[in-house]
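Chains A and B, in that order, are what the protein sequence lines are. Take 36 as the starting number for the first sequence in my numbering and just add one per residue. Take 2 as the starting number for the second sequence in my numbering and just add one per residue. Cβ atoms here follow ideal geometry from the backbone N, Cα and C, with glycine treated the same way.
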Amino acid sequence: MTGKQAPPLFNEMSAKFKPSDDIIQTPLQMKGQYAFLFYVKSVVDGDKLQQTVIRPFFEMASEEDFASYIQSLPNQSEVPDKNQLPIKISAGSVLMAVEDSLFLLDLRLVKNNEVQETTMEPTIHGPQKGLSEDIETTINLIRQRYHKATLTVENFATSDVTNIPVAILYDSDRADPKILAKIKDQLGNLNTPLFQSGGELQHFLNRSRFTLFPTTMVTERPDRIVYNLVAGKIIIVIDGSPNVIVAPIVFFDFMASMEDNYHVSVISGFTIMLRYLGLFTCILLPSLYIAMTSYNPEILRIELALTVAGSRIGVPYPSFIEVIFMLFFMELLTEASMRLPKAVSGTATTVGGLILGTAATEAALTSTIMVIIISAVAISTFVIPINEMSFAVRVVRFLLIIYTSLFGLVGLLLGFMGFIMFLANKDSLGEPYLRIPWKGKNAELGMDNK
Amino acid sequence: MNRFLIYLILINTLTNMVSITPRILIAGGNTGTVLGMAFAISTGIVLTYFLVILFSRFPGQGLPEILKAYTPKWFAVPVLLFMAAAWYVAGLFTLMIYTFIILRFLTPEMSIYTIVLTFALVVTYGVLMATRNIIYMSEVIFILVVPFIVFVQMKGYLDPSLNWDYIRIALMQVNQLPDYGAFTSSLFIVIGTANLVIFNRAFTTLKKPTLKGMAILTVAFMYILATTYLLPIGFGGFDSLENALYPWIMTSDSIRMKFGVVERIVFIFIGSFLALGVVSMIIHWHVSIHLFSSVFQLKRLKWKSYNLTLPLFIVFFWIVAMTLTKRMTVEGLYRTVEMYDDFVLPAMLILLVGSLLLAKKGASSKWRENKK
């Protein structure tokens, strides 16, 4: 090379990336004018590079013109320090040197930016498209639904191995600064080697070792995100994951479906009521069966008590074993149909549900009423709109069964109260987890302002 | 008025409907229960009003903090100890009453220890909860349970076998001089505000009582007390109820749901009141344990940076509760509650108002000193 040499930073960078084969370090040269490029070929958009950088270079009259042209490009940014620079380059930035100044151009080639269908939280009305795996597309989707200057996006460089980009979004007018500071602090102090998705990060944010109820929510619906932004919540977006995390989340957020806002008031009132009845049913019904058959059959009206007792004729063990036995198989069935490929899962359900259920009653291993109860419980578990809550409820159900088996009907009542106490005693980033929201957050108490 | 304060008061009021109180009221039936109740309501309303005003002068502070700041120590410590014991006993009564009810009506074959153990796990967790969270929890349970209670009472009032003549006879006793026992036990029902002794810590902006809030409370007190006393009489007769151990449970067992899955309404009744009883017990013992720990704070008793004073107290609480519940009889409990209502309660209330007034005086004089 006759004329100028590449700046020392370039050699340093290429030393860092050696011996990877997709590194390009190339000078542009024309009539004594020089420019230097450094990039990773596989993550940079070649066409764009050609259009916006290489061709203009050969059309410009002088180096100064080219430099000021580059400086005015919208995707140009400051060159960060030497620790951050490799991260940027490996994410698709092009390092340039023109005259004596350095530029960094963002020419990312993104292949995974298509918007995905909603699969986890489907609704009949409302948007059918969810988010994207690409962080910029996701932020774009959210911004396109929330046109306000106060919507703040902050990028975070996390300290894990892959340096995955993470961004937090919030409305700076509405979000609580204390909670914001807490979340930033937690994101800064993540000491985990690797995380790749929203669900995983959520797990690390929850902190304490034993958690049953989630305090953050993973969602894929843009309308839910905007709804939560308006409520002053904070959204965490992770590159490569089509889900975002919403924090802080309380119990009632898990019981809300976005569909509630799209229906006529009476209809949505009816569905909300249905949902809560489903929640109570799936928590209480199995334990109630134990309490009613083994402890206090006299509570039921005589005919019903006799029917229940009649259907249990021939069942060789006490009711709590029957319940645990059937619930266990029901949980196995749910778990299996979730993990299996779609083609097989239909068969599994039929074999498990229909054949096993019928055969078990005919073999007098369970009562027919038990089969009805188990199916009712299974159905009402699915009524809970957010999956994570229904997982938690499944665990609570087993704990309640144990307590009821030990202490009877009083045990059921007290166990259920214990469950409410546990929820009330929990907090999600300082927000009380279970608290009836008659009025706005801090409106009337002054209790929460402590 | 703060809605959480109203829950605190009403839970205390409702819990006592099943307990010994109706029996005491009915025992005084010939000697002026009606006037006693009327006096109790007016006294309760006035006391509620003054207590809320007094506590609102010390926002976010419980009685221990107030007394320690503004009164001499020789005064503060005995007062706090006395109150802690009073609140512990109040919670203990609830525990005993419900243990006996469960033993008699739900699981006669279970041992008393097992029944108390059922309570022990949940109540221990509840007592050790943060003050603020207990308030949230009581709201949830209140809202879940009260529809059932209202349903049972409506069912009772609309029942054809309710004899209104008995109720009229009971009301005719209005010309008798008020009965002291009926007065104090009704007073215990309406004085849930006293729980502010500790719960004021959670209320950082306790507003002065509003007309609306006081009106709601007055109506609620009148309705609940009247129902507590009159509905059993309407079912059981004015004269024949005197020997009934649990008049209200008998009453609710007279009501039947013809088409319900649960035919005998008494189980719904016991269930909902049991839930409220547990909340009330948690509230009482929470107050008691914090009053105790304000006097004895064992700084050295630590395990992994966690102070063990509260767990130690709760273990004590349960040991005492277990032994006493095992020994107590229903009749003995009745006499003890009567004595508690007659002597301990008035003394406690006088002490509470007196010490608050003293603290108020101390606070204003301190404020003047600071101003100089």
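**OP:** Starting from B/Y307, find everything on chain A with Cβ-Cβ shorter than 9 Å and list it in chain order.
**Re:** Residues of chain A passing the Cβ test: none, with the nearest at roughly 15 Å.
Original post:
Got a sec: is the Cβ-Cβ distance from A/Y352 to anything in chain B below 8 Å?
Top reply: False, the Cβ-Cβ gap to chain B never drops below 8 Å.
Original post:
Would you report the Cα separation of B/A360 and B/R202, rounded to the nearest angstrom?
Top reply: Taking C-alpha positions only, B/A360 is separated from B/R202 by approximately 16 Å.
Subject >> Secondary structure of A/N190, DSSP reduced to three states >> reply: In this structure, A/N190 counts as strand in the three-state DSSP scheme.
Original post:
Comparing alpha-carbon positions, which option in B/R328, B/V263 and B/I67 lies nearest B/V1?
Top reply: This structure cannot speak to residue 1 of chain B, because chain B is shown only from 2 to 373.
Original post:
Going along chain B in order, which residues have a C-beta closer than 8 Å to the C-beta of A/I471?
Top reply: Near A/I471 (Cβ distances below 8 Å), the residues of chain B are Y137, E140, V141 and I144.
Original post:
Is the Cβ-Cβ distance between A/P321 and A/L368 less than 8 Å?
Top reply: With respect to the 8 Å criterion, A/P321 and A/L368 are not classified as neighbours on the basis of their beta carbons.
**OP:** Taking only the alpha-carbon atoms, compute the straight-line gap between A/M327 and A/Q237 and give it to the nearest angstrom.
**Re:** Their backbone Cα atoms lie some 40 Å apart in a straight line.
**OP:** Taking all protein chains shown into account, decide if B/I269 is buried (16 or more other Cβ within 10 angstroms of its Cβ) or exposed.
**Re:** For B/I269, the number of other beta carbons within 10 angstroms of its own is at least 16, and it is reported as buried.
**OP:** Using beta-carbon positions only, say whether A/L139 and A/S125 come within less than 8 Å of one another.
**Re:** Result no, Cβ atoms of A/L139 and A/S125 do not sit closer than 8 Å.
Subject >> Secondary structure of A/S128, DSSP reduced to three states >> reply: Looking at A/S128 - three-state DSSP - the assignment turns out to be strand.
**OP:** Return the first residue and the last residue of the alpha helix (DSSP H) that B/T337 is part of.
**Re:** For B/T337, the enclosing alpha helix (DSSP H) covers residues V331 to M340.
**OP:** Could you check how far apart the C-beta atoms of A/L166 and A/P257 are, in whole angstroms? I think they sit under 8 Å.
**Re:** The beta-carbon separation of A/L166 and A/P257, rounded to 6 Å, stays under the 8 Å limit for a contact.
Original post:
Going along the chain, which residues of its own chain have a beta-carbon closer than 7 Å to the beta-carbon of B/G37, five neighbours each way excluded?
Top reply: Short of 7 Å from the beta carbon of B/G37, and not among the five residues preceding or following it, lie these beta carbons of its own chain, in chain order: G29, P179, D180, A183, F184 and S187.
**OP:** Determine the extent of the alpha helix (DSSP H) in which B/S20 is found, giving its start and end residues.
**Re:** Run containing B/S20: none; DSSP gives neither H nor E here.
**OP:** Determine, using beta carbons only, whether A/P109 comes closer than 8 Å to chain B.
**Re:** For A/P109, the answer is no, since every Cβ of chain B falls outside 8 Å of its Cβ.
Subject >> 8 Å Cβ cut-off: residues of chain A touching B/A131 >> reply: Result: N460.
Subject >> Contacting residues, own chain, Cβ-Cβ under 7 Å from B/F56 (five flanking each side not counted) >> reply: Taken in chain order, the residues that qualify are L197, N201 and L207.
Original post:
Nearest chain A C-beta to B/A171 closer than 8 Å, yes or no?
Top reply: With 8 Å as the cut-off, B/A171 does not count as an interface residue toward chain A.
Subject >> A/A70 vs A/V133 beta-carbon contact at 8 Å >> reply: Annotated as proximal: A/A70 and A/V133, with beta-carbon spacing under 8 Å.
**OP:** Taking all protein chains shown into account, decide if A/N460 is buried (16 or more other Cβ within 10 angstroms of its Cβ) or exposed.
**Re:** Result: buried.
Original post:
In whole angstroms, what separates the C-alpha of A/S463 from that of B/F274?
Top reply: One C-alpha to the other measures close to 31 Å.
**OP:** Check distances from the C-beta atoms of the region 327-353 of chain A to those of chain B and list, in chain order, the residues that come in under 9 Å.
**Re:** Taking a C-beta cut-off of 9 Å against chain B, the contacting residues of the region 327-353 of chain A are Y330, N331, E333, I334, L335, R336, I337 and L339, listed in chain order.
Subject >> Between the CA atoms of A/I177 and A/L400 - distance to the nearest angstrom >> reply: Each residue's Cα considered, the two are about 53 Å apart.
Original post:
Less than 8 Å separating the beta-carbons of A/M293 and A/Y262?
Top reply: In this structure, the beta-carbon distance from A/M293 to A/Y262 falls below 8 Å.
Original post:
Sorted by chain position, which residues of the same chain lie with C-beta nearer than 6 Å to A/K39's C-beta, five sequence neighbours on each side aside?
Top reply: The residues are Y69.
**OP:** Please determine if the region 261-268 of chain B and the region 133-147 of chain B are in contact, where contact requires at least 3 C-beta pairs separated by less than 8 Å.
**Re:** Counting Cβ pairs under 8 Å, fewer than three are found: no touch.
Original post:
Looking only at its own chain, which residues have a Cβ that is under 6 Å from the Cβ of A/S402, when we skip the five neighbours before and after it?
Top reply: If we look at A/S402 and ignore the five residues flanking it on each side, its Cβ neighbours are S346, R347 and V350.
Original post:
What are the start and end residues of the beta strand (DSSP E) that includes A/Y205?
Top reply: Run containing A/Y205: P200 to D206, per the beta strand (DSSP E) assignment.
Original post:
Is the Cβ of B/T108 closer than 8 Å to any Cβ of chain A?
Top reply: Yes, because at least one Cβ of chain A sits closer than 8 Å to the Cβ of B/T108.
**OP:** State the DSSP-derived secondary structure class of A/T496, mapped to helix, strand or coil.
**Re:** There is simply no residue 496 of chain A to check, as chain A begins at 36 and stops at 485 in what is shown.
Original post:
So is A/L309 buried or exposed if we call it buried at 16+ other beta carbons inside 10 Å?
Top reply: Label assigned to A/L309: exposed.
Original post:
A/S77: buried (16+ other C-beta within 10 angstroms of its C-beta) or exposed?
Top reply: Per the 10 Å Cβ criterion, exposed.
Original post:
So what's B/T34 in DSSP terms, helix, strand or just coil?
Top reply: Of the three classes helix, strand and coil, the one that applies to B/T34 here is helix, per DSSP.
Original post:
Taking the C-alpha atoms as reference points, what is the distance between A/I170 and A/G223?
Top reply: It is roughly 19 Å from the alpha-carbon of A/I170 to the alpha-carbon of A/G223.
Subject >> Residue-chain proximity (B/Y224, chain A), Cβ-Cβ < 8 Å >> reply: So, not an interface residue.
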